[in-house]
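With this note's numbering as the guide, the letters of the sequence shown map in order to residues 37 to 85. Just so it is clear, CB atoms sit at the ideal spot from N, CA and C, and this is done for glycine as well. Here the structure is a predicted model, which is why all the values come from computation and not from measurement. Notes to accompany the following structure.
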Amino acid sequence: MSLEKRNPINIQNETKIKIYNKSKRITKDVFFNCNWYFFSHIRTEGLFY
Numbered sequence: 037m038s039l040e041k042r043n044p045i046n047i048q049n050e051t052k053i054k055i056y057n058k059s060k061r062i063t064k065d066v067f068f069n070c071n072w073y074f075f076s077h078i079r080t081e082g083l084f085y
């Protein structure tokens with residue numbers, strides 16, 4: 037599909053979808069990292085106390 041035939045609304049929607057997917061991935065990564073930190077912290081606390 038050539039750029040000339042694409043209307044601005046479609047391009048705008050594609051951009052929104054890309055941003056949405058990217059933010060969803062970032063949220064998932066942050067959530068995973070927080071969980072990992074939380075659980076590893078508990079495990080460490082359990083070993084020492």
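Cα-Cα separation between residue i and residue j, rounded to whole angstroms
i     : j     : result
GLN48 : LYS58 : 15 Å
LYS54 : ARG61 : 11 Å
ILE45 : SER76 : 46 Å
THR51 : ASP65 : 21 Å
THR63 : TYR56 : 10 Å
As assigned by DSSP and simplified to three states, the class of residue i
i     : result
LYS52 : helix
ASN43 : coil
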